[in-house]
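K.L.:
Below you'll find the structure I mean.
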Amino acid sequence: MNDRHPKSEELFDFPCDHVFKAVGPNTDLFVFEVNRAVNSVLPVSQDAVKVRPSGKGNYVSVSVVVRVHNFDQVTGVYDALRQIDDLKYLL
C-alpha cells in the first residue's frame, strides 16, 4: 500500500485546460471582477466564460476555462480570485 500523497503540482499534466469557478453575488460587477482576476494572469477569451445563476437568482457561479502551462499560473489565478471582495466560494 502506497501512503505517499502527491504534491498539488503533480496532479496536473501541463499544459492543460483548467476550470476556475467562483461564486458570488448575481451582479455584473462580480462577473467582471472574476474575468479581470483571471485575465490578470492568463488571457481569457469571451467564449471561455460561463455564467450560471443560482436557483433563487441571488448568486451566480462564473466558470472560466483557460490553458495553464505551469503550477505558478494556477496559484496566481487563485490568488487573484481571492482578492475579490464579494467572493463567497472558490472551486
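Under our numbering, residue 222 is the last one in the sequence shown; the count climbs by one each step, no gaps. In this text, a Cβ means the ideal position worked out from N, Cα and C, and glycines have one as well.
#1: Are phenylalanine 163 and glycine 155 touching if we call contact CB-CB under 9 Å?
#2: What residue range is occupied by the uninterrupted alpha helix (DSSP H) comprising phenylalanine 143?
#3: Count the other CB atoms, across all protein chains shown, that sit within 10 Å of the CB of valine 150; report buried if there are 16 or more and exposed otherwise.
#4: Using only the alpha-carbon positions, how far apart do isoleucine 215 and valine 165 sit?
#5: Taking only three categories from DSSP, how would you classify aspartate 260?
#6: One question on the structure: do serine 185 and serine 192 come within less than 9 Å of each other, judged by their Cβ atoms?
#7: Tell me whether leucine 222 is buried or exposed, calling it buried when 16 or more other Cβ atoms sit within 10 Å of its Cβ.
P.N.:
Result, derived from the coordinates:
#1: Taking the first residue of the sequence shown as position 1, residue 163 is located at position 32. Taking the first residue of the sequence shown as position 1, residue 155 is located at position 24. No, these two residues do not count as a Cβ contact at 9 Å.
#2: As a first step, residue 143 must be located in the sequence shown, where it is residue number 12. Per DSSP, phenylalanine 143 belongs to no alpha helix (DSSP H) and is neither H nor E.
#3: To locate residue 150, count along the sequence shown from 1; it is residue 19. Exposed is the call here.
#4: As a position in the sequence shown, residue 215 is number 84, starting the count at 1. As a position in the sequence shown, residue 165 is number 34, starting the count at 1. Roughly 8 Å between the two C-alpha positions.
#5: Lying before the first or after the last residue shown, residue 260 is absent from the chain, which here runs from 132 to 222.
#6: In the sequence shown, counting from the first residue as 1, residue 185 sits at position 54. In the sequence shown, counting from the first residue as 1, residue 192 sits at position 61. A Cβ-Cβ contact shorter than 9 Å links serine 185 with serine 192.
#7: Against the sequence shown, residue 222 aligns to sequence position 91. With fewer than 16 neighbouring CB atoms inside 10 Å of its own CB, leucine 222 falls in the exposed class.
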